[in-house]
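Asker:
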Amino acid sequence: MNKLIFANLLHRPLRSVIIVFAVAIEVVLILSIVGIFMGMLVSGRNRTNGIGADLVVRPSNASFVAGVSGAPMPASLAAYFSHLPHVAVASPVITDFNMSGDVEVLYGIDYNSYNALKPFVFLSGGPFKGPYDVIVDDVFARTGHGYQVGDWIPILNHKFRICGIVESGKGGRKLIPISTMGKLTGEEGRASVVYIKSDNPANEGAIEREIETAPGLQGYKVMTMADLISLYTPTRFPGFDLSLNIVISIAVIVGFMVIFETMYTSVLERTREIGILKSMGASNSVIVGVVLRECFILALTGVLVGIASTYGVRAVLAVQFPTFSFLLTAGWILRGAAIALAGAVCGALYPSWIAARKDAIEALAYE
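Printed below as a string of structure tokens:
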């Protein structure tokens with residue numbers, strides 16, 4: 000029976016390729032959208048964690064996602080926080096979600112206080128020397144033909160000179176003076192968040208209580224960096240689950256319809272073959288098993304091709320967009336494979352049932 004199954008697959012190569020291709024596309028669609036989003040999520044989480052702060056202060060109604068809430072708080076609050084007991088450093092930052100060119104979050108920083116949170120590791124160059132200087136990380140520096148200190152790059156419709164290249168993992172990939180960011184975004188003297196470093200981690204609770212009970216600061220929320228990092232999960236991002244479910248549904252429907260139509264046509268083409276099998280004593284379950292096993296082999300091949308193709312997509316994106324993060328996890332690979340296999344088997348159920356119901360005599364007489 001196994002020889003018969005493989006012979007049927009090889010005898011109709013175009014049909015087999017179509018099913019494999021349909022399942023592979025289904026897998027690529029699922030894994031790509033998950034890989035892109037999870038890559039951005041994990042990359043943002045790691046770079047936020049690398050800032051070196053212990054606490055972050057932001058308005059209570061501001062999003063925890065960097066760059067999407069503007070700069071609603073006075074930057075002067077950082078000076079007030081820095082004089083509180085147990086506060087070692089308070090650094091105001093403006094984050095701006097920029098979609099001109101690459102999609103990125105720009106950081107406007109006060110260099111001295113931001114560097115005091117956790118010192119930059121310069122690979123070349125050094126701190127800002129002018130208002131239109133920019134510090135970039137090594138990941139961005141490798142984009143295009145490569146950037147070096149002294150090169151000029153466009154940011155917010157202005158040219159900035161690269162003054163330093165640092166190791167990645169300290170907030171944004173591009174960091175400019177907070178005063179310049181304020182002027183370019185119309186938010187002078189403002190900040191998106193204030194990062195705080197305590198004199199001792201054991202005093203984080205005391206700092207939090209001091210800020211929350213201070214007059215006029217009841218509208219601000221204090222959060223430890225550990226709590227902030229814990230929010231970087233898919234369920235905390237509105238629309239992610241909905242978008243993912245829509246893409247998965249579309250992929251499953253496409254795969255289901257292709258497999259259904261192809262397997263149904265295959266059953267009609269093999270009416271006499273089914274009649275011969277039944278005349279030799281094959282039961283209905285055997286006939287159903289033949290069709291489902293054929294479909295499963297093709298679907299499994301499609302899953303493997305889809306997984307390999309997804310890695311190919313990631314490799315291409317890594318070359319074209321080095322700053323772009325694409326994360327593939329074993330859990331999602333298995334989940335995507337299971338979804339594709341289940342959809343393929345469901346698509347073959349009705350054709351297999353039709354095959355099993357065929358009358359042996361009528362099938363043998365079929366022309």
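Counting in numbering that gives the first Met the number 0, the sequence shown tops out at residue 366, every number present.
The beta-carbon is built from N, C-alpha and C at its ideal position, and this holds for glycine as well.
Measuring CB to CB, does L455 end up less than 8 Å from I206?
Answerer: Any question about residue 455 goes unanswered here, given that the chain covers just 0 to 366.
Asker: Would you kindly check if the distance between the Cβ of G170 and the Cβ of I50 is under 8 Å?
Answerer: On the sequence shown, position 51 is the one that residue 50 refers to. On the sequence shown, position 171 is the one that residue 170 refers to. Cβ atoms of I50 and G170: closer than 8 Å.
Asker: So for N114, helix, strand or coil by DSSP?
Answerer: On the sequence shown, residue 114 is found 115 positions in, with the first residue counted as 1. Three-state DSSP puts N114 in a helix.
Asker: Give the single residue among V246, S191, F239, N244 whose Cα lies nearest to the Cα of K220.
Answerer: In the sequence shown, residue 220 corresponds to position 221, counting from 1. Taking only the C-alpha atoms, the option nearest K220 is S191.
Asker: Using alpha carbons as the reference points, say which of M37, I17, A140 lies closest to W331.
Answerer: To locate residue 331, count along the sequence shown from 1; it is residue 332. Considering only alpha carbons, the answer is M37.
Asker: Who are the Cβ neighbours of Y194 in its own chain at under 7 Å, not counting the five residues just before and after it?
Answerer: Taking the sequence shown and counting its residues from 1, the one referred to as residue 194 is at position 195. Closer than 7 Å at the Cβ level, and outside the excluded window around Y194, lie I50, A52, V55, S90, V92, L116.
Asker: On a Cα-Cα basis, can you pick out the residue from G69, V120, L155, T47 that is closest to D132?
Answerer: Here the question's residue 132 lines up with position 133 in the sequence shown. Checking every option, the nearest Cα to that of D132 belongs to L155.
Asker: Tell me, to the nearest whole angstrom, how far the beta carbon of L327 is from that of G43; I am working on the premise that it is less than 8 Å.
Answerer: For the purposes of this step, residue 327 is taken as the residue at position 328 of the sequence shown. For the purposes of this step, residue 43 is taken as the residue at position 44 of the sequence shown. So it is not a contact: roughly 17 Å between Cβ atoms.
Asker: Compute the beta-carbon to beta-carbon distance between T179 and P214, rounded to the nearest angstrom, for a pair I have assumed lies under 8 Å.
Answerer: Here residue 179 is taken as the residue at index 180 of the sequence shown, counted from 1. Here residue 214 is taken as the residue at index 215 of the sequence shown, counted from 1. Actually they are not in contact, since the Cβ atoms of T179 and P214 sit about 32 Å apart, beyond 8 Å.
Asker: Let me check one thing: in DSSP terms, what residues is T223 bridge-paired to?
Answerer: Residue 223 sits at position 224 when you count from the first residue of the sequence shown. In DSSP, T223 forms a bridge with L54.
Asker: Select from E186, G124, S167 the residue whose C-alpha is nearest the C-alpha of I161.
Answerer: Translated into positions along the sequence shown, residue 161 becomes position 162. The shortest C-alpha separation from I161 is found at G124.
Asker: Suppose the cutoff is 8 Å on Cβ atoms and the five residues either side in sequence are ignored; what does the same chain contact list for G66 look like?
Answerer: Your numbering for residue 66 matches position 67 in the sequence shown. Its pLDDT being 46, under 50, G66 is placed unreliably in this model, and the value from its coordinates should be taken loosely. Cβ within range, chain order: T94, D95, F96, N97, V104, L105, S191.
Asker: By DSSP's criteria, S197 is part of a beta bridge. Which residues make up the other side?
Answerer: For this step, residue 197 is matched to residue 198 along the sequence shown. Beta-bridge pairing links S197 to V86.
Asker: How many Å lie between V304 and V253 at the Cα?
Answerer: The residue you call residue 304 lines up with position 305 of the sequence shown. The residue you call residue 253 lines up with position 254 of the sequence shown. Their Cα atoms are separated by approximately 17 Å.
Asker: As an exercise, report each continuous beta strand (DSSP E) stretch of at least 3 residues that is fully enclosed by the stretch 303-356, in chain order.
Answerer: none
Asker: Name the two residues that bound the continuous alpha helix (DSSP H) containing K128.
Answerer: On the sequence shown, position 129 is the one that residue 128 refers to. Segment: none, K128 is in no alpha helix (DSSP H) and carries neither H nor E.
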